[in-house]
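Q: If you read the sequence shown in full-length UniProt numbering, its first letter stands for residue 1, the second for the next number, and so on. Beta carbons: idealized from backbone N, C-alpha and C, even for Gly. Computed from a predicted structure; not experimentally measured.
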Amino acid sequence: HSVHVDAKIQRLVKRAGLRYPQADLRSIDLVEKRGLDRSVLAGLDTGNHLEQRLNTVFQGATGSGKSHLLCALAKSACRARYRAIYIRLPDLAEQVTVAAGKPGGVPKLVRKYATYNLLAIDE
1 HSVHVDAKIQ RLVKRAGLRY PQADLRSIDL VEKRGLDRSV LAGLDTGNHL EQRLNTVFQG
61 ATGSGKSHLL CALAKSACRA RYRAIYIRLP DLAEQVTVAA GKPGGVPKLV RKYATYNLLA
121 IDE
């Protein structure tokens, strides 16, 4: 049973296309230096924000680790057996532009992304 669950989680992580697949909320380093609250990270790792359908936004200076944190959040969702996908905003914008040029393209794109429990949209 455990092997089956582990394999499913690995598939979910792979399909998520994470920029940093090794990222993990449970082992984020330099928490205090980055101005992060360990209790907030632990709360995000529970997946409650997904159950409540809450948006989570990370903001900070360039190089502060937002992308790494985003991938860690998506990986946490995968561990909880939720479907996640990582995409950069410029790539998503391009997909919307291409879809807008096709009949029914935008609704189809929306349906595609609506199948995920977590959209990890990176700048």
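Please specify which runs of the alpha helix (DSSP H), each continuous and at least 4 residues long, are wholly inside the segment 53–89, giving them in chain order.
A: Here the runs fully enclosed are 66–79.
Q: Give me whichever residues DSSP pairs with LEU118 in a beta bridge.
A: DSSP output for LEU118 lists ALA84 as bridge partner(s).
Q: Between the Cα of ARG111 and the Cα atoms of ASP122, ILE121 and ALA99, which residue gives the shortest distance?
A: Comparing Cα positions, the closest option is ALA99.
Q: Using DSSP with H/G/I as helix, E/B as strand and the rest coil, what is HIS49?
A: Three-state result, HIS49: helix.
Q: Looking at the structure shown, is TYR20 part of a helix, part of a strand, or coil, going by DSSP?
A: Three-state DSSP puts TYR20 in coil, outside helix and strand.
Q: On the three-state DSSP scale, how would you describe PRO103?
A: Three-state result, PRO103: coil.
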